[in-house]
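Chemist:
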Amino acid sequence: MLLACSTLMLFIAFALVGTGVWGSAAIAYALLGVVLMAAVLLPAPWRRY
91 MLLACSTLML
101 FIAFALVGTG
111 VWGSAAIAYA
121 LLGVVLMAAV
131 LLPAPWRRY
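According to the numbering used here, the sequence shown is numbered sequentially starting from 91.
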């Protein structure tokens, strides 16, 4: 799920920067969001899937 959300968020950010709707700082915000999601969801040793 983390990969699906992160990929979609990065795709939208790249698309908006490519069309000129957003500035290049949007890529940094999207990457920061991916890092924060990974920091929250990945190091959870009590989750056994």
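C-beta: ideal position from N, C-alpha, C; glycine also.
None of these values were measured; they are calculated from a predicted model.
With distances taken Cα to Cα, identify the nearest neighbour of A94 among V130, G110, V124 and V111.
Modeler: Working through the sequence shown from its first residue, we reach residue 94 at position 4. Checked all of V130, G110, V124 and V111; the closest Cα to A94 is V124.
Chemist: For V124, which of helix, strand or coil comes out of DSSP?
Modeler: Counting from one through the sequence shown, the residue named residue 124 turns up at place 34. If DSSP states are grouped into helix, strand and coil, V124 belongs with the helices.
Chemist: Which of the three DSSP states is assigned to S96 in this structure?
Modeler: Your numbering for residue 96 matches position 6 in the sequence shown. In this structure, S96 counts as helix in the three-state DSSP scheme.
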